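First residue of the sequence shown? That's 0 in numbering that gives the first Met the number 0, and the numbers climb one at a time after it. Just so you know, even glycine gets a beta-carbon here, dropped at the ideal spot from N, CA and C. The structure displayed is predicted, hence computed values, not measured ones. Okay, structure first, notes after.
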Amino acid sequence: MKRRELVAAPVLAAYVGSAVMFAALPIVVGVLVGWMIPWCGGVRGGITGWSVLHMLWILPAFVVLDGTLSAPVKAALSRRRFAQGLAETTTSIVVLSGLLMVFFAEYAGSLLVASMSALVLQALDPLWDLAERRLAEKQKTPGEPGVFGGGDGGI
0 MKRRELVAAP VLAAYVGSAV MFAALPIVVG VLVGWMIPWC GGVRGGITGW SVLHMLWILP
60 AFVVLDGTLS APVKAALSRR RFAQGLAETT TSIVVLSGLL MVFFAEYAGS LLVASMSALV
120 LQALDPLWDL AERRLAEKQK TPGEPGVFGG GDGGI
């Protein structure tokens, strides 16, 4: 193995880990806000380090479940953009509220936090699209320095 590959693997793992943590930030903030609202039923067991760590598996599970369940909805409503967006947001809220029931004693808290988090994630959607387009443009131009500085286009 080359030295460059040995250095690149931990850096890439740090990039992926930080991306998951950044993407889970709206959900974490939503749980903290829901924890402070008295009529939400409160958080089971309080906020601990384990519960924050628990957030990190909720985001990948949410992405997989939401992508699986919203694909048929998108296909069925392909001609109606507004209905498609509304159905996609509703699917996101239902999936996320089910996953957040681990934290909240009552469904009202889970539904409130899921609504806030899903709407924030929907609002961030154009930023993800822009990042994907820029990455695709960078990958099309060969010979430029990549992520780790080489002339081979990066990783």
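- In the three-state reduction of the DSSP assignment, V101 falls in the coil class.
- A residue is called buried once 16 or more other Cβ atoms fall within 10 Å of its Cβ, and S77, having fewer, is exposed.
- Rounded to whole angstroms, S114 and S69 show a C-alpha spacing of 16 Å.
- In this structure, V51 is the residue among T47, Y106, V51 with its C-alpha nearest to the C-alpha of V19.
- DSSP lists F103 as the bridge partner or partners of V42.
- Between the alpha carbons of W49 and L120 lies a distance of about 23 Å.
- Close CB contacts of A23 within its chain, under the 8 Å cut and outside five residues either way in sequence, are with M54, L55, I57, L58 (chain order).
- Fully enclosed alpha helix (DSSP H) runs of no fewer than 4 residues occupy 80-99, 106-122, 124-139 of the segment 63-142, in order along the chain.
- In this structure, W38 is the residue among D65, V10, W38 with its C-alpha nearest to the C-alpha of F103.
- Contact between A117 and S91 holds, since their C-beta atoms are separated by about 4 Å, short of 8 Å.
- CA-to-CA, the gap between G41 and I26 works out to about 16 Å.
- The Cβ-Cβ distance between V94 and L64 falls below 8 Å.
- Leaving aside the five residues that flank E87 on each side, the residues in its chain whose CB is nearer than 7 Å to its CB run, in chain order, S69, V72, K73.
- For K137 and G84, the gap between their C-alpha atoms comes out near 29 Å.
- As the crow flies, the alpha-carbon of G33 is around 8 Å from that of S109.
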